[in-house]
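Here the structure is laid out as structure tokens; the discussion comes afterwards.
In UniProt numbering, the protein residues as written are 1 to 406.
What follows is the structure in structure tokens.
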């Protein structure tokens, strides 16, 4: 943590609130989020009632979107109001299920307040999504409080004593801290990070002492390699180095040396030469080179994305580097998860500086970046708009951090 208290309303449990040193001696164990939603109790007589809102649960590199639908509809033939409350997560990406979730409702008008009703939702798991929707149906104590228990009429009926007041709905969700922390469950395919004894490292060490017999001529320099490794590593080179081309010992490629070197290293040894690949032109050339060499593009893209995430985690406090990665991932749809992480970190750690420096009044490179990040097929989904909308959705949510001593 960069400090004891973050940029929005937050409570730190089990640690002295003004002692940052004490925070450092504890480890984050769980996070609780509280979202308070004020709903006006007003509607036309006999009409259906519908309210919807959004909020975000965010911490460090992850921001998760939630949608609440509060519905009161007239049912035929009974002609009575049936109430439903739905809490849905954004269904585009997998999100963690809360370890605990509670709904609370209180009706308020002038100085009068109803008793607060607390209810746990009925959770179910839809076939298409790993996490369920959280629903309250008719008969649930919380929804029943809107009907008979508070009088003869629904609270949203014009004859109710609560009509013209407001309903305060509070949603409390608890998560394990690990749900908001990236898990590097595999060794990154980067030469400097491989452990001694790793077979990939051993293979490279063996060939360090063998005379190269193949040359790649690139736009800005040559690369030496080995026919035997090229032949067994790619269908492209198996065709190229067939019996008809047995004497072939070099080819010319229309790519920069670094792009070819990184791609060859991945193709032959299963690792990148370095993690310094955060450059749009470099990655674009690597992708073209990988397609020409007939690599498995899904795995290649995945591992580039993991390297970008690694670079992101090493630069959490460096806004300019985060913007650089965001600009790159905005161009390449395959790295959308890294793009979401960049947006979450900007909201979490750098929002004020980001707004001040990257806007329509900026000049030079920062203006170019702002305009690039403002563009999208659907303008409301551009990185700039997402950063602002997530920030607003986060500010409405109180966050409680629970620590345990190390």
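For every residue, glycine included, the Cβ atom is placed at its ideal position computed from N, Cα and C.
query	result
Quick one: does residue 166 have its CB under 7 Å from some CB of chain C?	Of the chains in the structure shown, none is chain C; there is only one protein chain.
Report the rounded CA-to-CA distance for residue 64 versus residue 89, giving the unit in angstroms.	7 Å
What are the start and end residues of each continuous beta strand (DSSP E) run of 3 or more residues lying completely inside the segment 284 to 366, in chain order?	none
Restricting to Cα atoms, I'd like to know which of 83, 376 and 223 is closest to residue 331.	376
Tell me which same chain residues have a C-beta within less than 6 Å of the C-beta of residue 397, skipping the five on either side of it?	33, 35 and 55
Can you give me the C-alpha to C-alpha distance between residue 283 and residue 277, rounded to a whole angstrom?	7 Å
Note down, in chain order, each residue of its chain lying with its Cβ closer than 6 Å to the Cβ of residue 229, except the 5 sequence neighbours on either side.	268
Just confirm the distance between the C-beta atoms of residue 297 and residue 263, as a whole number of angstroms; I'd bet it's less than 8 Å.	Not really, about 11 Å apart at Cβ, beyond 8 Å.
Excluding the 5 residues preceding and the 5 following residue 392 in the sequence, name in chain order all residues of the same chain whose CB lies nearer than 7 Å to its CB.	none
With DSSP as the reference, identify every bridge partner of residue 275, one or two as the case may be.	Paired residue(s): none; residue 275 is not in a bridge.
Identify the residues that DSSP records as bridge partners of residue 103: which are they?	119 and 171
I believe residue 168 touches residue 106 by the beta-carbon criterion, under 8 Å. Please report the beta-carbon distance rounded to the nearest angstrom.	5 Å
Would DSSP call residue 88 helix, strand or coil?	strand
My output table needs one value for residue 40: the three-state DSSP class, helix, strand or coil.	strand
Below 8 Å on the Cβ atoms is my guess for residue 213 versus residue 249; work out the distance and round it to an integer in Å.	6 Å
Could you have a look at residue 126 and say whether DSSP puts it in helix, strand or coil?	Residue placement at residue 126 is flagged as unreliable, the pLDDT there being 38, under the threshold of 50; a coordinate-derived value is accordingly withheld.
Contact defined as beta carbons within less than 8 Å: I believe residue 383 pairs with residue 343. What is the distance between those atoms, to the nearest angstrom?	6 Å
Thinking C-beta only, is residue 390 closer than 7 Å to residue 327?	no
Does DSSP put residue 61 in a helix, in a strand, or in coil?	coil
Could you tell me whether the Cβ atoms of residue 177 and residue 28 are closer together than 7 Å?	yes
Taking just the CA atoms, how far does residue 158 sit from residue 165?	11 Å
Reducing DSSP to helix, strand and coil, say where residue 393 ends up.	helix
Relative to the C-alpha of residue 358, which residue among 324, 336 and 138 is closest?	324
Is residue 265 near residue 258, with beta carbons less than 7 Å apart?	no
Identify, in the order they occur along the chain, each residue of the same chain with its Cβ nearer than 6 Å to the Cβ of residue 145, setting aside the five sequence neighbours on each side.	117
Cα-Cα, which of 143, 373, 142 and 405 is closest to residue 322?	373
State the Cα-Cα distance for the pair residue 104 and residue 58, rounded to the nearest angstrom.	21 Å
Pick out whichever of 61, 48, 62 and 114 has its Cα sitting closest to the Cα of residue 71.	48
Report back the beta-carbon spacing between residue 39 and residue 400 to the nearest angstrom; my notes put them in contact at under 8 Å.	Contact doesn't hold; Cβ gap of about 23 Å is too wide.
Around the C-beta of residue 363, are 16 or more other C-beta atoms found within 10 angstroms, so that it is buried, or is it exposed?	exposed
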